[in-house]
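*Asks:* Residue numbers (the UniProt record's numbering): 1 to 189.
Virtual Cβ for every residue (Gly too), placed ideally from N, Cα, C.
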């Protein structure tokens, strides 16, 4: 059986992680995207077990206490985490599991799963990132300022990652991610 692998994809809010992941999974359906647990309420159209596992804070705290999460963090009053069992089961079955995480979660994974491949998605510039955040039309001015401040701190940690990919062009960035994931194995065979 092929050996499973854990892949962590990290980058600032607005850098295009979600769009890149959609394209990556369309081209590589053999990859498995881990579904996170959250204490926040579902947004319109979100389905329990597909977009997130929606749990109460008490349930989440129990999962933390019992070691059921590979990583977890609290953002804006809500908790988010990666369930341990499904990830480990998929890896044992030889699947490659992809986690889309913030920097804090990526650091936790590196401690508990040091063999995970860590890919950091960079914006072409902070100016471009700000424009993308504004174009989304989802955030208040205060939220945009906060996201940009967080992005600066995240970008400062880029050297902690195995690969850095600048998302300046979707197709080129996707190709660079595929190279990071698949080329080292092909060349080592």
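Using a 10 Å radius around the Cβ and a threshold of 16 neighbouring Cβ atoms, would you call residue 20 buried or exposed?
*Replies:* buried
*Asks:* Would residue 121 be called buried (16 or more neighbouring beta carbons within 10 Å of its own) or exposed?
*Replies:* Buried is the call here.
*Asks:* Under 8 Å by Cβ, that's how I've got residue 8 and residue 118 pegged, so tell me the actual separation to the nearest angstrom.
*Replies:* 5 Å
*Asks:* On the premise that residue 132 lies in contact with residue 32, defined as a C-beta separation below 8 Å, what is that separation, rounded to the nearest angstrom?
*Replies:* Actually they do not touch by this definition, with Cβ atoms about 28 Å apart.
*Asks:* Determine the burial state of residue 78: buried for a count of at least 16 other Cβ atoms within 10 Å of its Cβ, exposed for fewer.
*Replies:* exposed
*Asks:* Quick one: is residue 141 buried, meaning 16 or more other Cβ sit within 10 Å of its Cβ, or exposed?
*Replies:* Around the C-beta of residue 141, fewer than 16 other C-beta atoms lie within 10 Å, and the residue is accordingly described as exposed.
*Asks:* Taking all protein chains shown into account, decide if residue 10 is buried (16 or more other Cβ within 10 angstroms of its Cβ) or exposed.
*Replies:* buried
*Asks:* What are the boundary residues of the beta strand (DSSP E) that includes residue 15?
*Replies:* No beta strand (DSSP E) contains residue 15, which DSSP labels as neither H nor E.
*Asks:* Check the C-beta distance from residue 166 over to residue 173 and give it rounded, since I have them as a contact under 8 Å.
*Replies:* 7 Å
*Asks:* Could you give the distance in angstroms between the alpha-carbon of residue 51 and the alpha-carbon of residue 40?
*Replies:* 12 Å
*Asks:* Rounded to whole angstroms, how far is the Cβ of residue 151 from the Cβ of residue 44, which I believe are closer than 8 Å?
*Replies:* About 27 Å separates the two Cβ atoms, so there is no contact after all.
*Asks:* Does the distance from the C-beta atom of residue 144 to that of residue 130 stay below 8 Å?
*Replies:* yes
*Asks:* With respect to the beta strand (DSSP E) encompassing residue 100, which residues constitute its N-terminal and C-terminal limits?
*Replies:* 96-101
*Asks:* What residue from 6, 87, 29 and 148 has the CA that sits closest to residue 123's CA?
*Replies:* Of 6, 87, 29 and 148, the residue nearest in Cα terms is 148.
*Asks:* In terms of residue numbering, what span does the alpha helix (DSSP H) encompassing residue 91 cover?
*Replies:* Note, residue 91: alpha helix (DSSP H), 84-92.
*Asks:* Write down the C-beta distance between residue 71 and residue 82 rounded to the nearest angstrom, noting that I regard them as a contact closer than 8 Å.
*Replies:* 5 Å
*Asks:* For residue 137, does the count of other Cβ atoms within 10 angstroms reach 16, so buried, or fall short, so exposed?
*Replies:* exposed
*Asks:* Within the segment 122-175, note down every full beta strand (DSSP E) run reaching 3 residues or more, in order along the chain.
*Replies:* 163-166
*Asks:* Using C-beta distances below 8 Å, list every residue in its chain close to residue 3, excluding the 5 sequence neighbours before and after it, in chain order.
*Replies:* Correct list, in chain order: 94.
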